[in-house]
Amino acid sequence: MDVLYFAWVRERIGLPKERVETGAATVSELVEELSAREERYAAAFADISALRVALDQELSDFDAPLAGVREVAFFPPMTGG
Amino acid sequence: MDVLYFAWVRERIGLPKERVETGAATVSELVEELSAREERYAAAFADISALRVALDQELSDFDAPLAGVREVAFFPPMTGG
Amino acid sequence: MRIAVQEQPFDLGAESDVFAAAATGMGAVVTFTGVVRDVDGGLEAMEIEHYPGMTESAIRKIAEDARDRWSLGDVLVIHRYGRLAPGERIMMVATAAPHRKDAFEAAEFLMDYLKSRAPFWKKEITRAGEGWVAARCEDEDALKRW
Amino acid sequence: MRIAVQEQPFDLGAESDVFAAAATGMGAVVTFTGVVRDVDGGLEAMEIEHYPGMTESAIRKIAEDARDRWSLGDVLVIHRYGRLAPGERIMMVATAAPHRKDAFEAAEFLMDYLKSRAPFWKKEITRAGEGWVAARCEDEDALKRW
């Protein structure tokens with residue numbers, strides 16, 4: 227699946243988008259998997275309460291299953307308007 | 227003093243403005259005096275609760291004294307906006 | 189602060205642009221525009237009568253009250269009188285504030301007070317005849333929240 | 189209903205005019221415009237990042253929710269992204285409704301949801317450095333009233 231990062235999550239991880247092959251069943255499992263990879267991921271995901279997640283471009287939550295999902299995006303709370 | 231009428235009060239009384247010499251101490255007394263004059267005044271002032279009054283271009287009420295007032299205006303509730 | 193009571197039409201786009209451009213340092217600009225509505229069909233015109241002399245000072249007082257209650261950079265009120273056709277713009281208000289909440293609340297406050305406390309009266313001219321628009325209880329009630 | 193997510197500036201006056209002219213039969217038109225504010229002095233630019241693909245659909249959903257909740261004739265949302273200077277207009281919404289209460293409430297609803305539920309992120313570039321604008325608790329709280 228495609229994993230996208232925005233705002234300071236993108237800056238901390240150092241890239242806007244990557245292709246990830248994963249067996250993670252939920253968003254939380256994917257976060258654990260990524261955090262285990264490298265320090266920059268662990269730093270970005272250190273405080274999950276400061277993050278939001280979208281699955282296939284719809285706001286979701288960290289308990290949500292990943293089955294069938296093609297695009298996951300991680301970002302801080304939005305500041306539009 | 228000058229007495230002004232607006233909207234249907236003006237139409238019912240049949241004029242927009244007149245000069246009135248009066249000894250009325252309050253707005254209510256002026257209303258009584260005018261109502262006693264002619265039927266068209268009595269008709270216009272029949273239901274005081276449907277009217278508003280301004281003294282020298284400031285919203286006021288029917289108990290207000292007329293001492294020193296130069297301009298009295300009677301009209302229905304306003305419908306601006 | 190600009191208050192205009194006028195018979196001629198106003199240019200909503202130009203007024204909005206000029207107002208927003210002048211509101212330096214403000215983060216939020218709200219405008220409200222009122223338009224003559226032909227609710228039941230058959231409306232030929234809306235005639236708006238006002239009380240020259242009192243109108244502008246009453247509006248100015250309402251606008252000053254708004255500036256006292258909210259943090260505002262600027263306020264604009266334009267209100268027309270005379271004979272208007274359906275679809276014509278009757279009036280507009282604009283507010284500029286550092287934050288959106290102030291700009292919105294002040295604009296709603298201005299509208300609520302202009303409705304019931306500025307000396308305008310509307311008469312509807314229809315094919316069937318003509319009649320004065322009655323003040324609505326809900327417009328009077330709207331003042332209670334402020 | 190028009191939703192525009194764009195890098196280039198928009199013309200507030202022209203957009204307001206076109207929107208109001210198209211809203212036939214509506215008695216009330218409300219616009220809100222957001223402007224880049226230099227709160228502490230020293231702001232050089234505001235950089236707005238967004239999530240292409242999701243942004244427009246998220247805004248469309250918010251606008252559709254507004255149409256479901258209020259009696260609206262039309263809705264317009266324009267939101268910019270990219271690098272903006274202080275004083276530049278970031279975004280605008282417009283609502284048209286038969287009555288003013290619906291037009292105001294729907295515009296406030298749109299703003300509250302755009303603030304916290306549309307995928308935009310703001311970064312402030314100052315002489316001293318740069319930093320992401322943090323979401324404010326009061327913006328999240330503002331959603332609770334709807």
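So the protein sequences, as listed, match chains A, B, C and D. This note's numbering puts the last residue of the first sequence at 307; the count rises by one with no breaks. This note's numbering puts the last residue of the second sequence at 307; the count rises by one with no breaks. This note's numbering puts the last residue of the third sequence at 334; the count rises by one with no breaks. This note's numbering puts the last residue of the fourth sequence at 334; the count rises by one with no breaks. Glycine included, each C-beta is placed from N, C-alpha and C at the ideal position. The model shown is predicted, which means the values in this text are computed figures rather than measured ones.
| message | What does the alpha-carbon distance come out to for the pair K303 of chain D and A316 of chain C? | response | 49 Å
| query | Mind checking A282 of chain C: buried by the 16 CB within 10 Å criterion, or exposed? | reply | buried
| Around the C-beta of G319 of chain D, are 16 or more other C-beta atoms found within 10 angstroms, so that it is buried, or is it exposed? | exposed
| 7 Å Cβ cut-off: residues of chain B touching E237 of chain C | F232, A233
| task | Using a Cβ-Cβ cut-off of 8 Å, state whether D262 of chain C counts as contacting chain D. | result | no
| request: Specify, as a first and last residue, the run of the beta strand (DSSP E) that T141 of chain D falls within. | output: Coverage of chain D is limited to positions 189 through 334, which leaves residue 141 of chain D absent and any answer about it impossible.
| message | Using beta carbons (cut-off 8 Å, strictly below), is P197 of chain D in contact with chain A? | response | no
| Alpha carbon to alpha carbon, what distance is there between T305 of chain A and E244 of chain D? | 15 Å
| Per-residue contacts from M279 of chain D into chain A (C-beta, under 8 Å) | G306, G307
| field | CB of P240 of chain C within 8 Å of CB of F301 of chain B, strictly | value | no
| What residues in the stretch 286 to 310 of chain D bring their beta carbon closer than 7 Å to a beta carbon of chain A? | M299, L302, K303, S304, R305, A306, P307, F308, W309, K310
| query | For A233 of chain B, does the three-state DSSP call read helix, strand or coil? | reply | helix
| request: Determine the closest residue to E296 of chain C out of C:V263, C:R271, C:D205, with distance taken between C-alpha atoms. | output: C:V263
| query | Assuming I278 of chain C and V193 of chain C make a contact with CB atoms under 8 Å, what is their CB distance in whole Å? | reply | That pair is no contact at about 12 Å.
| Same chain, Cβ closer than 6 Å to V218 of chain D, neighbours up to 5 away in sequence not counted | T283, A291, F292, A295
| request: Can you have a look at M189 of chain C and say buried or exposed, based on whether 16 or more other CB atoms are within 10 angstroms of its CB? | output: exposed
| query | Would the stretch 203 to 213 of chain D and the stretch 198 to 218 of chain C be scored as touching if the rule is three or more Cβ pairs under 8 Å? | reply | yes
| field | Where the alpha helix (DSSP H) through D327 of chain D begins and ends | value | 325 to 330
| request: Name, going along the chain, the residues of the stretch 286 to 302 of chain A whose beta-carbon falls closer than 8 Å to a beta-carbon of chain D. | output: A299, F301, P302
| T252 of chain A and D289 of chain A look like a contact to me (Cβ under 8 Å); what is the Cβ gap, rounded to whole Å? | 6 Å
| Opposing strand residues paired with H267 of chain C [DSSP bridges] | C:V193, C:M279
| said: Distance cutoff 8 Å, beta carbons only. Does W320 of chain D sit that close to anything in chain A? | reply: yes
| field | Among A:S275, A:K243, A:R263, nearest to A299 of chain A - alpha-carbon criterion | value | A:K243
| query | Is there at least one Cβ from chain A nearer than 8 Å to M242 of chain D's Cβ? | reply | yes
| For D289 of chain B, the three-state DSSP class (helix, strand or coil) | coil
| field | Under the three-state DSSP convention, the category G222 of chain C falls into | value | strand
| task | Keeping to the same chain, check which residues put their C-beta closer than 7 Å to that of E259 of chain B; ignore five residues upstream and five downstream. | result | T248, A250
| Interfacial residues, the stretch 210 to 235 of chain C to chain D, with Cβ spacing under 9 Å | A211, T212, G213, M214, G215, A216, V217, V218, T219, F220, T221, G222, V223, V224, R225, D226, V227
| task | With a cut-off of 8 Å on the beta carbons, I'd call V257 of chain B and M227 of chain B a contact; round off their distance for me. | result | Not really, about 14 Å apart at Cβ, beyond 8 Å.
| Beta-carbon proximity check, F232 of chain A vs W309 of chain D, cutoff 8 Å | yes
| query | Listing by chain order, which chain D residues have their CB less than 8 Å from the CB of A280 of chain A? | reply | Y239, M242, P307
| Are the beta-carbon atoms of E284 of chain B and L230 of chain B separated by less than 8 Å? | no
| query | Whose C-beta lies closer than 7 Å to the C-beta of R271 of chain C among residues of the same chain, with five residues either side of it excluded? | reply | A233, E235
| query | What is the C-beta distance between G213 of chain D and G261 of chain D, in whole angstroms, given that I count them as a contact (C-beta under 8 Å)? | reply | 7 Å
| request: Answer yes or no: does any C-beta atom of chain C fall closer than 8 Å to that of A251 of chain D? | output: no
| request: Would you kindly work out how many angstroms separate the C-alpha atoms of A269 of chain A and I266 of chain C, rounded to a whole number? | output: 55 Å
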